[in-house]
Structures are given as C-alpha cells and as structure tokens.
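Colleague: Quick note: the sequence shown, position 85, residue 85 per the UniProt record's numbering, numbers continuous. What follows is a single structure, and I will ask about it in a moment.
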Amino acid sequence: MALSFRTARRGDIPVIVALIADDPISAAREKATGSGGEPDYESAFEAIDADPRNELIVVESDGQVVGTMQLTYIPSLSRRAAERALVEAVRVAAPYRNRGIGRAMMEWAVERARERGCALVQLTSDKARVDARRFYSSFGFAASHEGFKLLLS
C-alpha cells in the first residue's frame, strides 16, 4: 500500500478528530465534531499550524486519510542542549489497522526527528494499551520513565 505523509490542513480536522476518538480510551474524552458543546478544534488547529515546533501530520493512501500523528519538537538544556521530538496522538483508521501503516508512520516520525537533529524521540502510551506498548517496544523505545498527569478541567 502506497502511503504519503503531509501536513494537515484545516479541512482535515473532522477526520483527525474522528481518528483520535475511535478507540475505547479516547472515546470517553473526545467528542466528534458537530455535537453540542463542541471543543474549539479550529483554534487548536490554528495554534498547532502556526507553531514551527509542531507538526500535525496526516497519512494518505489513494487520497484517503488513513492515519494521523502530531510531532512536537522540544528544546532543552538537558542532554547537552539537545532537542527532542515528542510523538503524540498516533492513530490509524480501523479498516487499515494491521497493514503496516503504524510501523511506516513511526519510521517516518523517527526519520523526521533525525533530519531535524533531535537527539531523542519520546512518547507516552496509556498503560491499558498493551498492544501499543508492545508495538513501540519493537522499535527500540524503552519504558524508561513513569509518567504522571494532572487533569486541570
């Protein structure tokens, strides 16, 4: 399957939100566009799009969006002032899962970080996502830290 990677456009917002919401863990916290009291996805997209340290990526096959992810580049004084890449919201559309798209996406993300000169690629994965954690380990990602979150709203 031929894949192409590109920066997301405003018109991609509904499909990206649907991809993010299409799993049991995310479904509880995400609302599909068009529902009452909907989040301001347009403003969030504008902020991401305007920030040179963020890339919202969509993956297409035959003109159809089949995946998405966000890359954020974080400058740091640690690790000898190295920049790091944070990979977030990696999703593949349900009908396209288990076809190597996720692997191609992660390979692309790691290469993109290398091209940028990042010294480290990091991500988090919910502890309940056993298959995802095994998938990331297959790339050499190590579960080296324990993450913490504090919900503010």
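Beta carbons are placed, not taken as given, at the ideal position from N, Cα and C, and that holds for glycine.
(1) Whole angstroms are fine: how far does the CA of A89 sit from the CA of T33?
(2) Using only CA atoms, which one of S137, V130, T124 and R9 lies nearest to S43?
(3) For R53 and Y73, I'd like the C-alpha separation in whole angstroms.
(4) How is L19 classed by DSSP in three states: helix, strand or coil?
(5) Find out if the Cβ-Cβ distance for the pair F135, G100 is shorter than 8 Å.
(6) Within 10 angstroms of the Cβ of S125, are there 16 or more other Cβ atoms? Answer buried if so, exposed if not.
(7) If I follow the unbroken alpha helix (DSSP H) through E46, where does it start and stop?
(8) Excluding sequence positions up to five away, which residues of its chain have a Cβ less than 7 Å from the Cβ of M105?
(9) Name the one or two DSSP bridge partners that M69 has.
(10) Measuring alpha carbon to alpha carbon, tell me which residue in A85, A94 and R114 is nearest P24.
(11) Output the distance between the C-alpha atoms of residue 193 and D12, rounded to the nearest integer angstrom.
(12) Taking the alpha carbon of F45 as the point to measure from, which residue in V65, D62, S61 and P14 has its own alpha carbon closest?
(13) Name the residue from I16, V17, A2 and V87 whose alpha carbon lies nearest to the alpha carbon of D62.
Modeller: On the basis of the coordinates in this document:
(1) Translated into positions along the sequence shown, residue 33 becomes position 33. Translated into positions along the sequence shown, residue 89 becomes position 89. Residue placement at T33 is flagged as unreliable, the pLDDT there being 41, under the threshold of 50; the coordinate-derived value follows with that caveat. Here the alpha carbon of T33 sits roughly 17 Å from the alpha carbon of A89.
(2) Within the sequence shown, residue 43 is the residue found at index 43, counting from 1. Of all alpha-carbon atoms in S137, V130, T124 and R9, the one lying nearest the alpha-carbon of S43 is that of R9.
(3) Working through the sequence shown from its first residue, we reach residue 53 at position 53. Working through the sequence shown from its first residue, we reach residue 73 at position 73. In a straight line, the C-alpha of R53 is about 5 Å away from that of Y73.
(4) The residue given as residue 19 occupies position 19 in the sequence shown. Residue state, collapsed to three classes: helix.
(5) Looking up residue 135 in the sequence shown gives position 135. Looking up residue 100 in the sequence shown gives position 100. Not closer than 8 Å, so no.
(6) For this step, residue 125 is matched to residue 125 along the sequence shown. Classification for S125: buried.
(7) The residue you call residue 46 lines up with position 46 of the sequence shown. Residue range Y41 to A50 is occupied by the alpha helix (DSSP H) that includes E46.
(8) Along the sequence shown, one-based indexing puts residue 105 at 105. So the qualifying residues of the chain are V59, G67, M69 and V90.
(9) One-based indexing of the sequence shown puts residue 69 at position 69. BP columns for M69 point to I57.
(10) As a first step, residue 24 must be located in the sequence shown, where it is residue number 24. The shortest Cα separation from P24 among A85, A94 and R114 belongs to A94.
(11) Because the chain spans 1 through 153 in this model, residue 193 falls outside it and cannot be assessed.
(12) As a working mapping, residue 45 is identified with position 45 in the sequence shown. Of the candidates V65, D62, S61 and P14, the one whose C-alpha sits nearest the C-alpha of F45 is P14.
(13) Translated into the one-based positions of the sequence shown, residue 62 becomes position 62. Looking from the CA of D62, the closest CA among I16, V17, A2 and V87 belongs to A2.
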